[in-house]
Structures are given as C-alpha cells and as structure tokens.
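Down below is the structure, laid out as structure tokens.
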Amino acid sequence: MQKEEKSDWQVIKEVFQKYVLAIPTIKLMIIPTFACVLISKFLEVHLGESLQDFSKKMAGNLEETSFNFLLLRFMITMCFLNMFSLLQGYIFAGPIQKSFRLAAKSTFKKYMSLSHTNFHALGSGEIHSSIERKSKAVADILDVIVLHIFPVVSIIVFSGFKIFFSLGKFPAIMLFVALVLYALITIRITKYRNKIRKLLNISVNDSSNLLYDRLINFDIILAYNNQELELQKYDDSLKPIQTHSTRLMKALHILNFVQRMVFSFINVLVIYCGINGILMDKITSDSLILYITISKTLSSNLSKLGYIYHRYTQAITDAKMTHENFFEISSQKALKYDLGKFENEIKFKEINFFRGSRMILNNISFTIFKGEKVAIAGKNGSGKSTLIKILLGFHEFQGKIFIDNTDFNSININSLRKIIGYVPQDGNILNESIKYNMQYGDFEAKNDRIVEVSDDFHIHDSIMKIDNSYLAVAGERGEKLSGGEKQKVALVRAVLKNPDILILDEPTASLDKESETDILNVLLSQYSDKTLIMIIHNIGLLKSFDKVVFLSPNFGIEVGSHSELLERKGEYYNFYMQKILTQE
C-alpha cells in the first residue's frame, strides 16, 4: 500500500527528535548555539544605534559623550559581534557532522533490512545515492534551521522592535508588508523549484545506477570495445541532470532578483515618506542613519533567504525521497520461534513461485532429512537457485515449508540464517582482507582453524604465494583472486561458520573437474554431520549424493537417489543420458 508522503513539519520533528533531543551531546550544544545567535543578532542591530550616536555627536546633541568613548564602544560591539557570529558555527560544527554520521548509519541499516526482492528492485546505485542524500539532508536541515533560519528570524524580530520604537508604526508596518511579500514570492517560486528538484533526483538515481553497473562490468565493456557506446549512454543519462539543474539555478536567480526588488521598493518608500513627513514624523539625519543601517543589516540577512530556502527545501525533499514504500514494517517482533538448531527435517509442500507472470516453480514437494547430502539438478531456468533462495528467506512463495515441524513463516528468519552456511554462485567476496572474508560467518575463528579449513579446500598454498597472504585485500568483488580462489574462499567462509546446514549454489563452477571432485569428497567425508544442499551441473558427481532433487519446468519434480531416478526412466533419465551423450 502506498504510504502518504511526510509533511515538512513531520520531517523536521523527526530530525530534531532523533538527532538532537535523543543525543545528549548534541542536545547540550543546542542551547549555547541559540544563545550565541541571539547575542550576535542583538549586537548587529545595536550597531545601528552606535552609528546613530556618532551622527548625534557630530550634530552636537551628545556633548557629554566623547568621540573616543563612542569609538571604543563601537569597536567592542564589533569584536563581540564577530566573536558570537563565529562561535555559533564553531559550537554546532560537531553536532552537524555527528548527525550526518548517525543519519548515514541509520539509513544504511534501513536499506540492509529490506527484503531481498525490494533491495534488488531498487539497485545498488540508487540505494547508494539515497543514503548520501538522506544523511546530507539531515545535516543540512539542522544547519539551515539552527545557523540560518533562526538567525534570520532573530534579526527580523530585533530589527522590527528597533524600527517600531525608534521610527514609529509606519516603517514597522512597511517592514511587515515587505516580509509578507518576501515570504509569498519565495514560497511560490520554491514550490516550482521543488518539482524540478524531484525530477533531478530521479535523473541522478538513474544515472547513478547506470554508472555503477558499467563500472562493475568494466571487463566486458573493454573486451567488446564498447567504451564509446557506454560513454554515449552515460552522457545521455547526464543530459536530463544538466537540464533540470539549469532550470533549478535559473529559478533561484529569478527568486533572488524579485526578493531584492521588493525590499528595495519598501526602503525607497519609507525614506521618501520620512523625508516628506508623510504618514510619519519627518525623519532626522540620525534617525535616517539608524534606519539605513538597520535596513542594510536586515537586507543583508534577508538576501540569503532565497539560498536558505533553497537549501531547506532541497534537504526536506531529499529527506523524503528514501523509498519509504519499500520499507516494510518488520514482522520479526510478532514471530514467536527462534530456531536454535536443526534437528530432524525440512519439508517442502506444494511450493509455487512466480517471477512476474512466469511460473518458475510449480507444485514442488519433497523432504530433506538431517544429515542428508542432497543434490539439486535441472536444466537452466528450472528454478534451482530460486529454490535455495526461498529457503534462505530471500523470496516470497506460495505453499508451505516446515523445518522440524515448525511453519517457515512463524520462524525468525535471522535465527534460520544463523544455522545455514551459504555459498553463492560468484562467491560474493568483500573488498576486505582474505582473512576477513573467511571469518565473515564467525569472527571468533582462530588462525589455526582458518589455515586448517583452507588446507582442506586446497587454497592455503595459493594464499601463501600472495603478498601479505591472508591479510591481502581481495579487491572489489574479489578481483584480485581467480574465479576458483573466490569460490574456495566462499566455501571456507561457510564451513568456518559451523552451520547445521550447508547450502551451495553451484560453488565449483570455476574449478576443473578434479578440483571439483576433491572438494566434494572433503565435504562428504570431513563434514558428514552437516546437512548438505548443493546445486550440481557436473552429472558425474550426482551418484555421490544421498538424494537428487531434479527440477524441470515442464514436468515438475523427481526425487530419489541417482540410481532410483535412472531406473524410473523419467525426465531425469532423459536429462542424464543427454548429458552423457553431449560429453562423449
């Protein structure tokens, strides 16, 4: 169901509750920051009085006060004004950066809690862009409100009171009119800019996804000499960004121009009326200096209003655009059962799975008993990887799965994953050290145990030939390792976790047949107590398994030992014989 977009107020309230009030160190800094703002803005208005006193002294109206005293007072006021103006930013710099870090961490956590389907529906590039935008938005909201909007409001209040008590009602009313016009024009143009900003964000997301995809597929682009093609595609994705950014900046310049014209017109009107005594007392020279000084101060602060409002609306818009509709309310709190250990059996009952309108799995039913070694076989596209990803909780499905007679949907999925060691097709190696990757399932694993398991899978000698051996960084997506080495590292990672169930998605595809056979023998002999579920393409290995689950898009499922399935002479028999003939 589509969630309603949060209002600006809800976003601001959430930011201050989560990143100010809930964090003692930041909450402690907010009061002295506000105090510095108030003092600096009061002194900024007070400078007008100092200049007014200079005018009075020159006119002979302040005979008892010396120029030196006035100059000293002016200098002290300027010093304190500069000090408190800079101090507010100095005090609040730490809280702003801490809020950025906490927001980035919080947003990353939310995306990591997404379902497998929703995560991949968004794409890594878009998620990366969204995390950056959200964290920057939180920092910008605090920065804009505390260090920009609050100071502007303060200077308006102090200036308004000063003009009212020094010059009368008419200038104060004109100031109020100017502020209303200022606000109306700013809001009107900013709403238009917000629409452009949303289009810009969408374009940035699309471009980010494209760029990320091309960077991780650099080798294939190079191999097919398609650099120019991809360069053109990337340039095409940047064109709407250029268009929307240009419109955004032009609208900002128009806004600034109109704002300045409004304030200039009001100033001319007030000065004209004051000089001619229209609707107010005739303005004296010292009062004129006071008004011009305060007007200049106010104008200087308000001239930033367009930029401030631009940053504010950009931050609010970015804070809202973090795919709230993809974040599901976690049902884990309602789950009653933590699966501490796998004891007996996994039962699949009438499992169906669709990808869009296409049926991948059709009425799949079978049972895996504890300690069994189960091979999953079938033609490409028959749903082998889908089946094991269902067991990992990556996909929604129709039907029932029972683990030790407990309904899959009533099990805490995190507790299930704790007892599973998973090896994906491509290894999924992190850009960390080889040792870190191996310890990923159990960071308490000792060096001796890491070396022992690595030796079991015949990768220890290869690692020792690499500079820094186990501490060598594997590179992005494990690019510094060969395909076989990546798969062996992934196998070591799964085994070191010491899980009850090992799920292997064709983990030996990058190995030669001899190495593949050796690894399977290690798994079957040294880890015989584990329940093994393994996708197999090498038909010569199928006879080594207790049970073969054969999936066929057209004929459903066949389950039994290798010899039993051959004796039935069904679809598995045809598949096996075809493979034999192909190999010959």
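Each residue of the sequence shown is one higher than the one before, starting from 1 at the first, in UniProt numbering.
Every residue, glycine too, gets a C-beta built ideally from N, C-alpha and C.
Quiz prompt | the region 69-88 touching the region 105-125, judged by at least three CB pairs closer than 8 Å | solution = As far as the Cβ criterion goes, the region 69-88 does not touch the region 105-125, which means the pair count is below three.
Quiz item: Are the region 423-430 and the region 399-413 touching, with three or more C-beta to C-beta distances below 8 Å?
Solution: With a cut-off of 8 Å, the region 399-413 and the region 423-430 do not count as touching, because too few Cβ pairs lie within range.
Quiz item: If you draw a straight line from the alpha carbon of residue 341 to that of residue 542, how long is it in whole angstroms?
Solution: Cα to Cα, residue 341 sits roughly 28 Å from residue 542.
Quiz item: beta strand (DSSP E) containing residue 531: first to last residue?
Solution: Element bounds for residue 531: 531-535.
Exercise. Report, in whole angstroms, the separation of the C-beta atoms of residue 251 and residue 308, which I expect to be a contact under 8 Å.
Key: Between residue 308 and residue 251 the Cβ distance is about 15 Å, and since that is not below 8 Å, they are no contact.
Quiz prompt | the region 501-519 touching the region 464-474, judged by at least three CB pairs closer than 8 Å | solution = Result no; under three Cβ-Cβ pairs closer than 8 Å.
Quiz prompt | residue 562 versus residue 423: straight-line alpha-carbon distance, rounded | solution = Distance between the alpha carbons of residue 562 and residue 423: 24 Å.
Quiz item: Which partner residues of residue 354 appear in the DSSP bridge assignment?
Solution: Bridge partners of residue 354: 359.
Practice problem: Enumerate in chain order the residues of its own chain whose CB-to-CB distance from residue 587 is below 7 Å, with the five nearest sequence positions on each side excluded. | Solution: Residue 587 lies beyond the range of the chain shown here (1 to 584); nothing can be said about it.
Self-check item: Own chain partners of residue 532 with C-beta closer than 7 Å, once the 5 adjacent residues on each side are dropped
Solution: If we look at residue 532 and ignore the five residues flanking it on each side, its Cβ neighbours are 373, 374, 502 and 523.
Practice problem: Let me know the secondary structure DSSP gives residue 432 once reduced to three states. | Solution: Correct three-state label for residue 432: coil.
Self-check item: residue 507 versus residue 491: straight-line alpha-carbon distance, rounded
Solution: The alpha-carbon atoms of residue 507 and residue 491 are separated by roughly 8 Å.
Exercise. Taking all protein chains shown into account, decide if residue 530 is buried (16 or more other Cβ within 10 angstroms of its Cβ) or exposed.
Key: Counting the other CB atoms within 10 Å of its CB gives residue 530 a total of 16 or more, which places it among the buried residues.
Self-check item: For residue 197, the nearest candidate out of 303, 459, 173 and 312 (CA to CA)
Solution: Measuring from the Cα of residue 197, the nearest candidate turns out to be 312.
Practice problem: Give the straight-line distance between the Cα atoms of residue 591 and residue 267, rounded to the nearest whole angstrom. | Solution: Examination of residue 591 is not possible in this model, given that the chain is present from 1 through 584 alone.
Quiz item: Start and end of the alpha helix (DSSP H) containing residue 20?
Solution: For residue 20, there is no enclosing alpha helix (DSSP H), as DSSP marks it with neither H nor E.
Quiz prompt | Nearest residue (CA-CA) to residue 494, options 438, 547 and 525 | solution = Among 438, 547 and 525, the Cα nearest to that of residue 494 is on 438.
Exercise. Under 7 Å Cβ to Cβ from residue 36, same chain only, skipping five residues before and after it: list those, please.
Key: Once the five neighbours on either side are set aside, the close Cβ partners of residue 36 are 84, 87, 88 and 91.
Exercise. Look at residue 141 and residue 12 and say whether their C-beta atoms are less than 8 Å apart.
Key: Taking a C-beta distance under 8 Å as the contact criterion, residue 141 and residue 12 qualify as a contact pair.
Practice problem: Can you give me the start and stop residues for the beta strand (DSSP E) that residue 377 sits inside? | Solution: Residue 377 -> beta strand (DSSP E) spans 373-378.
Quiz item: Distance, Cα to Cα, residue 319 vs residue 241?
Solution: If I take the Cα positions, the gap works out to 19 Å.
Quiz item: What does residue 473 pair with, by DSSP beta-bridge criteria?
Solution: Paired residue(s): 433.
Practice problem: Give a yes or no on whether 8 Å exceeds the smallest Cβ distance from residue 189 to chain C. | Solution: Here chain C cannot be found, since the structure has a single protein chain.
Quiz item: DSSP state of residue 330, grouped into three classes?
Solution: In this predicted model, residue 330 has a pLDDT of only 43, less than 50, meaning its place in the structure is not dependable; the value taken from the coordinates is given anyway. Secondary structure of residue 330 (DSSP, three-state): coil.
Quiz prompt | Rounded separation between residue 572 and residue 210 - CA only | solution = Their backbone Cα atoms lie some 41 Å apart in a straight line.
Self-check item: Bounding residues of the alpha helix (DSSP H) (the contiguous stretch that carries residue 146)
Solution: Careful: residue 146 lies outside any alpha helix (DSSP H) and carries neither H nor E.
Exercise. My understanding is that residue 155 touches residue 45, with C-beta atoms under 8 Å, so please give their C-beta distance in whole angstroms.
Key: Contact between residue 155 and residue 45 holds, since their C-beta atoms are separated by about 7 Å, short of 8 Å.
Quiz item: What residue ranges within the region 298-323 form continuous alpha helix (DSSP H) runs of no fewer than 4 residues, ordered along the chain?
Solution: As far as the region 298-323 is concerned, its whole alpha helix (DSSP H) runs of at least 4 residues are 305-320.
Quiz item: Under the rule that 16 or more other beta-carbon atoms within 10 Å means buried, what is residue 41, buried or exposed?
Solution: By the neighbour-count rule (16 or more Cβ atoms within 10 Å), residue 41 is buried.
Quiz item: Run through DSSP, which three-state label would residue 566 get?
Solution: The three-state reading of DSSP puts residue 566 in helix, counting H, G and I together.
Quiz prompt | Bridge partner(s) assigned by DSSP for residue 556 | solution = DSSP, once it has assigned bridges, lists 552 as partnering residue 556.
Exercise. Within its chain, find whatever has a CB closer than 6 Å to the CB of residue 315; leave out the 5 residues flanking it on each side and keep chain order.
Key: These residues qualify, in order along the chain: 137, 140 and 141.
Practice problem: Excluding the 5 residues preceding and the 5 following residue 147 in the sequence, name in chain order all residues of the same chain whose CB lies nearer than 7 Å to its CB. | Solution: Counting only residues of its own chain and dropping the five nearest sequence neighbours on each side, residue 147 has a CB closer than 7 Å to the CB of 88, 89 and 92.
Exercise. For residue 95, I'd like the list of residues in its chain whose CB is within less than 6 Å of its CB, leaving aside the five on either flank, ordered along the chain.
Key: 26 and 29.
Exercise. Determine the direct distance from the alpha carbon of residue 176 to that of residue 169, and round the result to whole angstroms.
Key: Those two C-alpha atoms are separated by around 10 Å.
Quiz item: Considering residue 227, what are the terminal residues of the alpha helix (DSSP H) in which it resides?
Solution: Run containing residue 227: 227-276, per the alpha helix (DSSP H) assignment.
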